[in-house]
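S.K.: First the structure, which I've put down as structure tokens, then a few questions once you've had a look.
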Amino acid sequence: MDLIQDYEQQYAVLTAEITAQIGRLSTSSGGERNKLISDIDRQLEESQELLEQIGLEIRDIPQANRPGYTSRLNCYQAEWKRLQQEFTNAKKERSKGYDSVDEFDEIGIQEDQKRRLLDNSERLERTGNQLRDSYRVVLETEQIGNQVMQDLSQQRETIQRARGRLRETDAELGRSSRLLNSMMMRALREKIVLVSVAIAIFLVLFLSIYFSISSD
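Those letters in the sequence shown? Residues 1 to 216, per UniProt numbering, in order.
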């Protein structure tokens, strides 16, 4: 997880640099513009590799902890695609607007640069707000996921305890049933013994009376 956080920090730095350079792209020309394009291409490639590394690391995380990291990765991927599209649009806009630079006088160029700088500032502000909102949503989603996992864990423990008590109850019922059967068998044996003794006494009395009568 520490490695994922390192990758996330590197990705945040790269995307901030990419956003700033895309803003500068609209006011640059010549060699500076070509260098910016090359740098942005390289940084987009590096940031994409970082996202791939984050994805690989997430696969090694226990299943219960993956949802929060997966949500963050989805936000990063969406942000990367947006930056790539902005980069593409900036290159196209620049090529269309400055195909014939000689047609603009110095005042016109200055006014256009001011407008573009304002547009870039607004774009940077919107990007910062979107990143903050995305990060807040990711944190809230992660908190909800952790709470759900805790609730599920508590419910599982409750079910396991209930099963344990049920098994103990079954065992107690089994012992009570065996004890009851034993008591019933003992009572039956005692009853048979009593009946046998009664029969024996009756026979003794009967024979005594019979022999007494016979002797008279």
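We put the beta carbon where it would ideally sit given N, CA and C, even for glycine. Source: prediction; values computed, not measured.
1) Around the Cβ of residue 232, are there at least 16 other Cβ atoms within 10 angstroms (buried) or fewer (exposed)?
2) Looking only at its own chain, which residues have a Cβ that is under 7 Å from the Cβ of Thr70, when we skip the five neighbours before and after it?
3) Assign Asp60 to one of three DSSP states: helix, strand, or coil.
4) Quick check: what's the CA-CA separation for Arg167 versus Glu157?
5) Evaluate the contact criterion for the region 82–92 versus the region 34–51: three or more CB pairs, one atom per stretch, below 8 Å.
6) So Leu25 and Leu36 are supposed to be a Cβ contact under 8 Å. How far apart are they, rounded?
7) Which residues in the same chain as Asp2 place their Cβ atom closer than 7 Å to its Cβ, once the five residues preceding and following it in sequence are excluded?
8) What residue does the alpha helix (DSSP H) around residue 236 start on, and which one ends it?
9) Let me check understanding here. Comparing Cα to Cα, which of Leu173, Tyr76 and Arg123 lies closest to Glu49?
10) Cutting at 7 Å between CB atoms, please list the residues of its own chain near Ile107, excluding the five before and the five after it.
11) Determine whether the beta carbon atoms of Ala90 and Ile159 lie at a separation below 8 Å.
12) For Ile54 and Gly68, I'd like the C-alpha separation in whole angstroms.
13) When burial is assigned at 16 or more other CB atoms within 10 Å of the CB, is Tyr7 buried or exposed?
M.R.: In this structure, then:
1) What is shown of the chain runs 1 to 216, which leaves residue 232 out entirely.
2) Taking the sequence shown and counting its residues from 1, one reaches residue 70 at position 70. Annotation for Thr70: Ile58 place their beta carbon closer than 7 Å to its own, counting only its chain and skipping 5 residues before and after.
3) What you label residue 60 is simply residue 60 of the sequence shown in a count that begins at 1. Correct three-state label for Asp60: coil.
4) For the purposes of this step, residue 167 is taken as residue 167 along the sequence shown, with counting starting at 1. For the purposes of this step, residue 157 is taken as residue 157 along the sequence shown, with counting starting at 1. Distance between the alpha carbons of Arg167 and Glu157: 15 Å.
5) yes
6) For this step, residue 25 is matched to residue 25 along the sequence shown. For this step, residue 36 is matched to residue 36 along the sequence shown. That pair is a contact at about 5 Å.
7) As a first step, residue 2 must be located in the sequence shown, where it is residue number 2. Contacts found: none.
8) The structure shown does not extend to residue 236, since the chain spans only 1 to 216, so no value can be given for it.
9) Counting from one through the sequence shown, the residue named residue 49 turns up at place 49. The option with the nearest alpha carbon to Glu49 is Tyr76.
10) Indexing the sequence shown from 1 puts residue 107 at position 107. Confidence in Ile107 is poor, its pLDDT being 41 and thus under 50, which makes the residue's placement too unreliable to answer from.
11) Counting from one through the sequence shown, the residue named residue 90 turns up at place 90. Counting from one through the sequence shown, the residue named residue 159 turns up at place 159. Not closer than 8 Å, so no.
12) For the purposes of this step, residue 54 is taken as the residue at position 54 of the sequence shown. For the purposes of this step, residue 68 is taken as the residue at position 68 of the sequence shown. Going from the Cα of Ile54 to the Cα of Gly68 covers about 13 Å.
13) Here residue 7 is taken as the residue at index 7 of the sequence shown, counted from 1. In summary, Tyr7 is buried, with 16 or more beta-carbon neighbours lying within 10 Å of its beta-carbon over all protein chains present.
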